[in-house]
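There are 2 protein chains.
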Amino acid sequence: MSKMNNSQTRLDEILAKLRQRDFRITPQRIAILKAFIQSQNHPSIEQVYEDVKVNFPTTSLATVYKTVNLLKEIGEILEISFAGGGNRYDGNRPYSHPHLICTQCNKIIDPQVSLLDQMTAEVAKATGYRIDSHQVQFLGVCPSCQKK
Amino acid sequence: MSKMNNSQTRLDEILAKLRQRDFRITPQRIAILKAFIQSQNHPSIEQVYEDVKVNFPTTSLATVYKTVNLLKEIGEILEISFAGGGNRYDGNRPYSHPHLICTQCNKIIDPQVSLLDQMTAEVAKATGYRIDSHQVQFLGVCPSCQKK
DNA sequence: ATACATGCAAAACATTTGCATAAGA
DNA sequence: TCTTATGCAAATGTTTTGCATGTAT
């Protein structure tokens with residue numbers, strides 16, 4: 107199962123969902139979706155905009171924002187907010203999951219965190235809150251930046 | 107040890123740190139500090155501004171922002187960012203710690219999370235990152251809002 | 001007395017909105 | 001054809017900045 111096939115599958119899934127909900131498939135939306143799906147680097151709005159403009163120079167920033175909001179509403183994109191950085195987005199895994207952010211090169215990766223469910227349960231039990239989602243960010247320095 | 111004594115102690119600590127670093131103690135800074143320290147509710151900038159204006163009506167929003175930046179720089183205030191909400195601040199525990207946010211009434215509390223250190227160590231070991239801090243937010247509905 | 005802080009207004013950003021036009025269904 | 005999406009520009013909201021004045025030290 108190649109990366110390209112995964113990307114194509116994911117794109118088709120989202121397009122199907124848009125059709126199903128009577129949203130229109132436009133070249134701009136396809137280009138924006140591709141930018142999100144092909145980026146493994148949790149891009150910012152601005153990065154997606156620059157990326158889309160390469161192949162579709164007339165696209166406006168407003169359309170990128172509108173599309174991002176649409177994708178958030180249908181649950182196909184995850185917004186990552188953290189103190190000290192602008193918003194970033196994950197179009198590949200649009201459900202709550204932890205991120206590990208290098209504060210020097212701004213790279214973001216998705217670590218495996220086996221204790222997270224247990225931790226969430228602990229908090230829910232201790233406080234009586236119903237917990238719907240979480241936002242877990244670790245900030246640090248990646249191996250490559252540590253060498254510099 | 108009463109709450110008032112704790113507040114006074116915390117205020118004195120921060121004032122000492124400001125003096126030590128040759129920042130000036132102004133009535134506005136004291137009022138802003140008190141607003142942060144007395145609020146148990148992780149206030150927003152706007153809330154602090156409104157709070158300060160009650161006793162000090164000439165204070166400007168710019169001064170609140172400048173003071174917040176100063177307090178962040180000297181490490182005496184923690185900025186809490188999360189998707190779907192503006193920034194909030196914690197002037198009482200200015201070090202990384204988890205928050206539990208009610209998405210209905212916007213109340214924020216600080217739960218005990220015993221597994222967090224272990225989780226952080228797990229991530230550092232698995233990825234090779236040096237982890238300096240974390241931002242852990244749980245989003246849900248508090249017991250009181252669940253009843254409504 | 002002399003820096004530094006304040007407060008105002010303007011500027012800088014980020015994001016949203018209104019509306020005429022273009023284009024997908 | 002008919003409605004929705006786009007793109008522009010204006011509006012909104014938030015945070016920062018420049019600068020003259022006030023004030024802590």
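Heads up: the sequence lines are chains A and B, in that order.
Going by the numbering used here, the first residue of the first sequence is number 107, and it counts up by one from there.
Going by the numbering used here, the first residue of the second sequence is number 107, and it counts up by one from there.
C-beta: ideal position from N, C-alpha, C; glycine also.
This structure is a prediction, so every number in the text was calculated from the model and none was measured.
When the beta-carbon positions are compared, A/Ile237 and B/Gly190 stay at least 8 Å from each other.
Taking C-beta atoms under 8 Å as the contact rule, A/Phe129 and B/Ser187 fail to qualify, at a distance of about 30 Å. Straight-line spacing of the CA atoms in A/Lys253 and B/Gly234 works out to 12 Å.
Not a single C-beta of chain A is nearer than 8 Å to the C-beta of B/Gly181. Within the DSSP secondary-structure output, A/Gly246 pairs in a beta bridge with A/Cys208, B/Ile237. Residue-level contact by beta carbon holds for A/Cys248 and chain B, with a gap shorter than 8 Å. Restricted to the segment 140 to 227 of chain B, the beta strand (DSSP E) segments that are unbroken, complete and at least 3 residues in length are 184 to 188, 191 to 196, 205 to 208, listed in chain order. Here the segment 204 to 219 of chain B does not lie against the segment 199 to 214 of chain A, with fewer than 3 beta-carbon pairs under 8 Å apart. The criterion of a C-beta distance shorter than 8 Å is satisfied by A/Ile183 and A/Val174.
Within its own chain, no residue has a Cβ closer than 8 Å to the Cβ of A/Ala227 once the five positions on either side in sequence are excluded.
Interface with chain B (8 Å Cβ-Cβ cutoff): A/Gln134 is excluded. Close to chain A, meaning a Cβ-Cβ distance shorter than 8 Å, are the following residues of the segment 212 to 239 of chain B: Ile215, Pro217, Gln218, Val219, Ser220, Leu221, Leu222, Gln224, Met225, Thr226, Glu228, Val229, Ala230, Ala232, Thr233, Gly234, Tyr235, Arg236, Ile237, Asp238, Ser239. Judged by their CB atoms, A/Phe142 and A/Gly197 are nearer to each other than the 8 Å cut-off.
Among the residues of chain A, none has a CB under 8 Å from the CB of B/Gln210; the nearest is roughly 10 Å distant. Chain-ordered, the chain B residues with CB closer than 7 Å to the CB of A/Gln243 read His240, Gln241. Looking at B/Lys172, B/Leu177, B/Ala168, B/Leu139, the one whose alpha-carbon comes closest to that of B/Ser113 is B/Leu139. At least one CB of chain B lies nearer than 8 Å to the CB of A/Glu185.
Inter-residue distance for B/Met225 and B/Val170 is about 36 Å (C-alpha atoms, whole angstroms).
Sixteen is the threshold: when 16 or more other Cβ atoms of the shown chains lie within 10 Å of the Cβ of A/Ile207, as they do, the residue is buried. The C-beta distance from A/Lys172 to A/Thr165 rounds to 11 Å, too long to meet the 8 Å contact threshold. Across the structure, A/Pro200 and A/His148 are spaced so that their CA atoms are roughly 11 Å apart.
DSSP, reduced to helix, strand and coil, places A/Ile131 outside both helices and strands of the structure shown, so it counts as coil.
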